[in-house]
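Here's the structure, in structure tokens; my notes come after.
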Amino acid sequence: MALPEAWSDRFEQGLNPAIERFNASIGFDINLLQEDLDGSVAHARMLGACGVITLKEASELEAGLESIRAEAASGAFRPVIADEDVHFAVERRLISLLGPIGKKLHTGRSRNDQVGCDLRLWLRRRMDELDLEIHRLQISLLIQAENHHDTLIPGYTHLQRAQPICLAHHLIAYIEMLERDKKRFVDVKRRVNISPLGSAALAGTSVPIDRLHTARTLGFENIYRNSLDAVSDRDFAVEFAAAASLVMVHLSRLAEEVILWSSDEFSFVQLTDRCATGSSLMPQKKNPDVPELVRGKCGRVFGHLQGLLTMIKGLPLAYNKDFQEDKEALFDTVATLKASLEAMSILMEEGLEFSIDRLAAAVESDFSNATDVADYLVAKGIPFREAYQIVGGVVKRCIDEGILLRNLSIENWQQINPLFSEDIFEKLAPKQVVASRISEGGTGFERVHEQLRHWKSQLNETKKMS
Ligand code: ARG
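The sequence shown lines up with residues 749 to 1214 when you count with the working numbering.
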């Protein structure tokens, strides 16, 4: 069996084939190919600029790396298990293309700083794509909110009817969550965007390199100050997985609401055929598979966060092979999050029809205007706690009689308290109940319009910037 070329003469025997497969990461880290090529191009240019190799050699290395990129695009670059990982695969191909010059690329570098560099470049790009996906979902929510600026929906606490609210207000709450998610990614990106390159295996290098040169070429904001920290830091991966988990939490909460709303018990939305599936057995069924899958996919994303934390926690400085395990966790986190964001955007864009009549009936048929009766008495000078007690008694009486507050006559109201007059009926109407919530951030129509205006300009602005 052929000995791996990349290893030194210290090795006399090849790997056991099962161990070779066990050790290899090429099956998944081929995902980092573009970033590996970018990092190597930057490294070659720097070696040339610093006089470690000639400028001619540097440009030959760069041309060789670019032909590997072209081979990959055409499908001609096909690494094998014996290549072990993407870094060796590229280096071997480079040597077979260029001969001895190819052997100069790895000067002053180790796979340890190389893999850290690749992963950061990869994650930085994926975070930009995720930002666009989050933005798309925010826009889809905003469009639904604008369509429903005067639609009412029961608001819940403890999943018990609490007070009616504007449907737009409810949807905008998710736009807010997603905005925090975007900001968290921006913050995480500041720590992703630091170059470990030039830290070599762990201790730095005696080769006269220029770390700022490669950092600048690759668009890193800074370089790690400590080489040990540089090659053994995976905090950024954990931070990303944590931020991604929170996005999934938000998607899952929205998904859960859609699932509830589409049940016969709520019937607040109808799922359109574009986003619902049927049952293999029960012909009447239309299932909310999309939100259910999003909710279900939280498990793997939270799992990756836990996996990364556990993988790192016992590792002595500096690089350990355990780190190879970070890749699949990050790859799957990004893929799952992206797919979930896209699916939720489509669900918002074309998967839901709110049942306006059913929503209107829902807010008419309960005691969610009881607080407003108490507030009515407060406005007439009764202390809140006393008003609260009075209204509690009224609600009990109505429940016993099987009626709603609006079914009480004016005489009934005046017997309860002479402060009630005819205008109490207007106060009980759901539209009026919602309109009266005029405090900042409340569901009053004017306040909701303020929010709609804010998000319309905010989301247009950020779109222009990206
Ligand atoms: N495939 C390895 C990884 O993903 C690359 C770095 C290997 N470094 C080493 N010293 N074995 O972490």
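Using N, Cα and C, we set each Cβ at its ideal position, and we do this for glycine too.
Let me check understanding here. Comparing Cα to Cα, which of the options lies closest to residue i?
| i | options | result |
| --- | --- | --- |
| aspartate 1017 | Thr1058, Ala1110 and Arg964 | Checking the sequence shown, residue 1017 turns out to be valine, not aspartate. Valine 1017 has its Cα closest to that of Ala1110, out of Thr1058, Ala1110 and Arg964. |
| leucine 1085 | Arg1106, Ile1060, Leu1041 and Lys1175 | Leu1041 |
| aspartate 784 | Met794, Leu867 and Asp1021 | Leu867 |
| leucine 945 | Lys937, His961, Ser1088 and Leu1207 | His961 |
| serine 1116 | Gln911, Arg932 and Asp1074 | Gln911 |
| serine 1103 | Leu846, Pro902 and Asp786 | Pro902 |
| glycine 812 | Cys1023, Gly1190 and Arg841 | Arg841 |
| lysine 1069 | Ala949, Arg939, Lys930 and Asp1171 | Ala949 |
| aspartate 981 | Arg769, Asn860 and Ser788 | Asn860 |
| alanine 893 | Ile920, Arg1201, Leu869 and Leu878 | Ile920 |
| serine 954 | Gly775, Gln862, Glu987 and Thr855 | Thr855 |
| asparagine 1155 | Leu1176, Val1126 and Arg1106 | Leu1176 |
Taking only the alpha-carbon atoms, compute the straight-line gap between residue i and residue j and give it to the nearest angstrom.
| i | j | result |
| --- | --- | --- |
| glutamate 1097 | serine 888 | 6 Å |
| methionine 749 | alanine 830 | Low per-residue confidence applies at methionine 749: pLDDT is 41, beneath 50, and the placement is therefore not dependable, though the value from the model is reported in the following sentence. Whole-angstrom Cα-Cα distance: 11 Å. |
| alanine 1108 | aspartate 1114 | 12 Å |
| aspartate 935 | alanine 797 | 33 Å |
| alanine 1066 | valine 979 | 6 Å |
| asparagine 895 | glutamate 810 | 54 Å |
| phenylalanine 825 | glutamine 782 | 12 Å |
| leucine 780 | threonine 1081 | 15 Å |
| valine 1142 | arginine 884 | 47 Å |
| serine 943 | arginine 857 | 13 Å |
| serine 1187 | arginine 964 | 50 Å |
| tyrosine 904 | leucine 915 | 12 Å |
| glutamate 814 | serine 844 | 14 Å |
| lysine 1179 | glycine 1026 | 37 Å |
| aspartate 1021 | isoleucine 913 | 28 Å |
| proline 827 | arginine 817 | 13 Å |
| leucine 869 | lysine 1075 | 13 Å |
| arginine 1048 | alanine 1077 | 9 Å |
Should residue i be listed as close to ligand 1, given that the test is whether its C-beta is under 7 Å from any heavy atom?
| i | result |
| --- | --- |
| phenylalanine 1079 | no |
| valine 828 | no |
| asparagine 779 | no |
| serine 947 | no |
| asparagine 860 | yes |
| histidine 835 | yes |
| phenylalanine 759 | no |
| phenylalanine 1071 | yes |
| valine 838 | no |
Taking 7 Å as the cut-off, does the CB of residue i come closer than this to any heavy atom belonging to ligand 2?
| i | result |
| --- | --- |
| aspartate 981 | With respect to ligand 2, the structure shown offers nothing to examine, as its ligands consist of ligand 1. |
Every unbroken alpha helix (DSSP H) inside the stretch 1028-1095 [4 residues or more]: 1037-1061 and 1074-1094
Hey, which unbroken runs of the beta strand (DSSP E) at 3 residues or more fall wholly within the stretch 844-922? 900-905 and 908-914
Segments assigned alpha helix (DSSP H), at least 4 residues, entirely inside the stretch 793-839: 803-822
Return the chain-ordered ranges of every alpha helix (DSSP H) run that is complete within the stretch 1135-1181 and spans a minimum of 4 residues. 1158-1164 and 1172-1176
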